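Notes follow the structure.
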Amino acid sequence: MSTPSILILPGDGIGPEIMAEVMKVINWYDDKIGLKFDVSHDVVGGAAYDKYGAPLADETLAKAQEVDAVLLGAVGGPKYDNLDFSIKPERGLLRLRKEMDLYSNLRPAQCFDALADFSSLKRDVVAGLDIMIVRELTSGIYFGEPRGVFKEGNERVGINTQRYTESEVARVARSAFELARKRGNKVCSMEKANVMESGILWRDVVTEIHAAEYSDVELSHMYADAGAMQLCRWPKQFDVIVTDNLFGDLLSDAAAMLTGSLGMLPSASLGAPMENGRPKALYEPVHGSAPDIAGQGKANPIACILSFAMALRYSFDQIEEADRLEKAVEKVLADGVRTADLLGEEGVTPVTTSEMGDKIVEALTASM
Ligand code: NAD
């Protein structure tokens with residue numbers, strides 16, 4: 015297979031700072047392991063507006079469609095707040111997701127031991143937690159027709175429609191089963207088949223795909239409201255959770271926050287397999303461009319570095335290297351290294367964004 019290609023889009027605010035730390039990691043893989051990537055760089059969001067007059071230029075989109083993985087920092091900032099809605103930085107990101115048809119949104123909730131006390135739940139409930147929520151991202155109630163606010167007699171009614179086709183459910187189910195095979199081999203599918211017809215279809219299709227193609231993976235079903243309760247009670251019972259757009263929106267935010275800081279949370283959005291078998295893919299931290307700390311060396315680069323670890327695992331099949339990178343992050347945190355957002359313990363001096371990146375690279379070297 016040809017050298018895997020990555021398009022780097024740092025974006026705005028802290029985006030370029032955190033991406034510089036990801037580049038240290040990418041260069042480390044090249045220098046020390048001989049794992050080479052064909053890396054190209056471009057702009058998105060406010061930076062793209064400044065350069066091209068639009069938050070995502072057509073040529074950038076064309077590049078994104080060709081590469082094996084896009085790695086994005088974050089977009090947005092006060093400088094762009096007064097732009098017309100159609101050219102706001104966030105529109106660039108939305109266009110990218112839509113045009114690449116990224117229907118499977120992966121949001122891990124992983125709790126490193128050293129940070130377990132940051133969670134609002136008890137240490138033993140979250141320490142060592144490692145689950146993945148797979149949210150359907152391009153259909154369901156946020157897109158279904160009819161929608162709108164209509165006049166009905168003397169009052170207004172607001173309407174949204176939950177609509178799923180069989181193929182939409184099937185493709186996100188496959189994505190979840192494939193992921194489970196690279197992790198703990200368990201999938202729990204969540205819907206509300208007790209009260210929603212779209213939930214009945216969802217459950218049927220997931221069951222059929224499982225029986226026909228993935229019977230080696232353990233499958234269970236849960237109503238989404240019970241799932242929310244179980245996520246707070248004992249989240250470690252799950253490995254991969256697959257669910258629709260609306261429930262996934264809520265469940266992934268709740269699960270992510272079990273683990274503490276926003277500066278720690280990576281994500282991936284995957285689409286259909288390309289000719290080389292790799293899925294179309296966009297990797298990005300969950301957080302935004304944090305304009306309040308931009309340019310001050312205070313940003314935590316870990317969410318962005320862990321997003322690259324997800325690319326190693328899910329786009330490039332480098333499972334051992336993804337493990338190595340996640341363990342390097344874990345080691346650095348266990349050693350007490352903290353950026354300012356992770357301070358809690360007394361007497362700890364925060365490191366800068368760049369120092370955190372250097373420590374992670376040192377830990378990678380120590381792992382050889
Ligand atoms: P934000 O995530 O940028 O920041 C929220 C808070 O978390 C801030 O106090 C910030 O300093 C802190 N924070 C975020 N990431 C951090 C990191 N890596 N290290 C340390 N601290 C971190 O959300 P916001 O303030 O609501 O939005 C700021 C801008 O980002 C807005 O323009 C918004 O539209 C945009 N945004 C972009 C994305 C994206 O690109 N995916 C997501 C959310 C918000």
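Quick note: the sequence shown uses this note's numbering, first residue 15, plus one each step. Each residue gets a CB set at the ideal place from its N, CA and C atoms; glycine is no exception. Since the structure is predicted, the reported quantities are computational estimates derived from the model, not experimental observations.
Worksheet item: When burial is assigned at 16 or more other CB atoms within 10 Å of the CB, is Ala390 buried or exposed?
Response: Any property of residue 390 remains undetermined from this structure, which presents the chain solely from 15 to 382.
Worksheet item: Three or more beta-carbon pairs under 8 angstroms between the stretch 254-262 and the stretch 140-156, yes or no?
Response: Contact between the stretch 254-262 and the stretch 140-156 is present, because at least three Cβ pairs lie under 8 angstroms.
Item to complete: Take every Cβ of the stretch 284-291, pair it with every Cβ of the stretch 220-237, and state whether three or more of those distances are shorter than 8 angstroms.
Response: Segments in contact, no.
Worksheet item: Is it a yes or a no for the stretch 319-329 touching the stretch 275-283, going by three-plus beta-carbon pairs under 8 angstroms?
Response: Segments in contact, yes.
Item to complete: Spatial neighbours of Asp216 within its chain, please: CB distance less than 8 angstroms, with the 5 preceding and 5 following residues excluded, ordered by chain position.
Response: The residue asked about is misnamed: residue 216 is Trp in this sequence, not Asp. The beta carbon of Trp216 lies closer than 8 angstroms to those of Tyr178, Val183, Ser203, Glu205, Ala207, Asp258 in the same chain, with the five residues before and after it left out.
Practice prompt. Let me know if Val163 comes out buried or exposed under the rule of 16 or more other beta-carbons within 10 Å of its beta-carbon.
Written response: That one is exposed.
Worksheet item: Just how far apart, CA to CA, sit Thr353 and Ile214?
Response: Spanning the two alpha carbons is a distance of roughly 46 angstroms.
Worksheet entry | Backbone secondary structure at Tyr66 - three-state DSSP | In the three-state reduction of the DSSP assignment, Tyr66 falls in the helix class.
Item to complete: State the beta-bridge partners of Lys250 as determined by DSSP.
Response: For Lys250, DSSP assigns no beta-bridge partner whatsoever.
Worksheet entry | Between the CA atoms of Leu107 and Ala78 - distance to the nearest angstrom | Rounded to the nearest whole angstrom, the CA to CA distance from Ala78 to Leu107 is 12 angstroms.
Worksheet item: For the ligand NAD, any of its heavy atoms closer than 7 angstroms to the Cβ of Val89?
Response: Distances from the CB of Val89 to the heavy atoms of the ligand NAD include at least one below 7 angstroms.
Worksheet item: Just the Cα atoms here: how many angstroms apart are Asn168 and Pro160?
Response: Rounded to the nearest whole angstrom, the C-alpha separation of Asn168 and Pro160 is 20 angstroms.
Discussion item. When you compare the stretch 361-377 with the stretch 138-154, are there three or more beta-carbon pairs, one atom per stretch, that lie closer than 8 angstroms?
Written reply: With the rule of 3 Cβ pairs closer than 8 angstroms, the stretch 361-377 does not count as touching the stretch 138-154.
Item to complete: Compute the Euclidean distance between the alpha carbons of Ile410 and Leu85, then round it to the nearest angstrom.
Response: This structure leaves residue 410 out entirely; the chain is present only between 15 and 382.
Practice prompt. Alpha carbon to alpha carbon, how far is Val300 from Lys93? Give it in angstroms, no decimals.
Written response: So the alpha carbons of these two residues sit roughly 21 angstroms apart.
Item to complete: Just the C-alpha distance for Leu135 and Asp218, rounded to the nearest angstrom, thanks.
Response: Distance between the alpha carbons of Leu135 and Asp218 is about 34 angstroms.
Practice prompt. Determine the contact status of Gly60 and Gly91, defining contact as a CB-CB distance below 8 angstroms.
Written response: It is a contact, given that the beta carbons lie within the stated cut-off.
Fill in: Candidates Leu120, Arg338, Ile147: closest to Lys250 by CA position
Each of Leu120, Arg338, Ile147 was checked against the Cα of Lys250, and the nearest Cα belongs to Ile147.
Worksheet item: Would the C-beta of Asp98 count as close to the ligand SAH, meaning under 7 angstroms from any of its heavy atoms?
Response: Judged by which ligands are present, the ligand SAH is missing from the structure shown, whose ligands are the ligand NAD.
Discussion item. Once the 5 residues before and after Asp239 are set aside, which same chain residues still bring their CB inside 8 angstroms of it?
Written reply: Annotation for Asp239: Lys206 place their beta carbon closer than 8 angstroms to its own, counting only its chain and skipping 5 residues before and after.
Worksheet item: Nearest to Lys196 by alpha carbon, out of Ala123, Asp253, Ser181, Lys38?
Response: Here the closest residue by C-alpha is Asp253.
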